[in-house]
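J.:
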Amino acid sequence: MHFEIVGEIHSVETIAASRGIRILDHLIREFGRGNWRKMKGVAIIRLENGKVRNAEIHWYEAHGIGRRKLKIKRYL
C-alpha cells in the first residue's frame, strides 16, 4: 500500500536501536552503515485512493541516511 504523509509526524518514539533491530543486517546491506533506529509516530496520511486517515507509522532511520521502509501499522 502506497501512501504519502500529510503534515508532520508527532508522538515520535524509538522502539529499538542498533543490535535490537531484527533486520539490521538487511538495512546495512541495502542502505549502508549508520546508527539505525526503529521508530514509531502518528501522522495524517493520504492513501492511493485519496482518503485521508490518521495512522500509526513505523520506520527505520539512521543519521545521514534518513527515513527508510515506512509502513502503516494501524489506523487511529
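All the letters of the sequence shown, read from the start, carry residue numbers -13 to 62 under the working numbering.
Ideal placement from N, C-alpha and C gives every residue a C-beta, glycine not left out.
#1: Can you have a look at I9 and say buried or exposed, based on whether 16 or more other CB atoms are within 10 angstroms of its CB?
#2: Please report the distance separating the alpha-carbon of G27 from that of E(-1).
#3: What are the boundary residues of the beta strand (DSSP E) that L56 is part of?
#4: Is the beta carbon of K59 less than 8 Å from the beta carbon of W45?
#5: Please decide whether M25 counts as near chain B, where near means a Cβ-Cβ distance under 8 Å.
T.: Taking the definition as stated:
#1: exposed
#2: 6 Å
#3: G52 to Y61
#4: no
#5: Any reference to chain B falls outside this structure, which holds one protein chain only.
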